[in-house]
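Protein chains: 2
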Amino acid sequence: MPDEEGHPTPAEMDLRTVLHALADPLRFGVIARFLREPEDAERTCAYFQLPVSKSTTSHHFKVMRESGLLRMVDNGNSRSVVLRRKELDTRFPGLLDLVVAERDAHTD
Amino acid sequence: MPDEEGHPTPAEMDLRTVLHALADPLRFGVIARFLREPEDAERTCAYFQLPVSKSTTSHHFKVMRESGLLRMVDNGNSRSVVLRRKELDTRFPGLLDLVVAERDAHTD
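Residue numbers (this note's numbering), protein chains in the order written: chain A, 1 to 108; chain B, 109 to 216.
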């Protein structure tokens, strides 16, 4: 069962759900940017400055959290998210590498 | 430029477009089933017996063709499709392996 924040365990992660989460350009951009950060970097949603409303931003992060891409970290007075890099690399080997390759192919 | 049938070259294939194509359960099922067939197997769209109308079936195959997953083969009096396996394996290493792993994890 996903936990109370909606995070699936690695075994519960579903490839199609993860592919759907990654297929959106804004969400793909968040994951691609996370992959430039130090491993286990915690970032607020605001950090990514998505060009959409706050509620749409929340929706995108919910989709990424519930698919298993991101984990929410509650620091008491603030919340941030972290890429579940190791778990994803184990559950879906090569998937994040494809994101990195595609990101770098389009970087000037 | 994609050819007149809308097939992108490998360099033109876009990861997000391919992920979107694969995120749909019916399309995922077609690709997963193709991955059980001999390499370069040609199959008609009807072969997959999608539980949707003929026009919806056509739409799904168009999405797979335009993303680069499938190539249409015109045999004169009939048309079939083939999985672009080698090209996909080269362009997006590991992606089709993830489809196989996910398919096999859910096979009884």
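Idealized CB from N, CA, C, for every residue including glycine. Just so it is clear, the structure is predicted and the values come from calculations on it, not from any experiment.
Check: Whose C-alpha, out of A:D97, A:R27, A:K86, is nearest the C-alpha of P201 of chain B?
Finding: A:D97
Check: Listed from N- to C-terminal order along the chain, which residues in the region 130-162 of chain B have their beta-carbon within a distance smaller than 7 Å of any beta-carbon of chain A?
Finding: L130, A131, P133, F136
Checklist line | Residues that E150 of chain B bridges to, as DSSP identifies them | finding: B:V190
Notebook entry, point to check: Per DSSP, what kind of secondary structure is L178 of chain B in: helix, strand or coil?
Noted result: strand
Notebook entry, point to check: Using CA coordinates, which residue listed in B:M109, B:V126, B:E112 is at the minimum distance from R192 of chain B?
Noted result: B:V126
Item checked: Amino acids of chain B, ordered along the chain, whose beta-carbon sits closer than 9 Å to that of P93 of chain A -> G202, D205, L206, A209
Note to self: I'd like to know if L19 of chain A contacts chain B, where contact means its C-beta is closer than 8 Å to some C-beta of that chain.
What the structure shows: yes
Checklist line | Burial state of G76 of chain A (16 or more Cβ within 10 Å) | finding: exposed
Item checked: Same chain only: Cβ atoms within 6 Å of P116 of chain B, ignoring 5 sequence neighbours per side -> P110, G176
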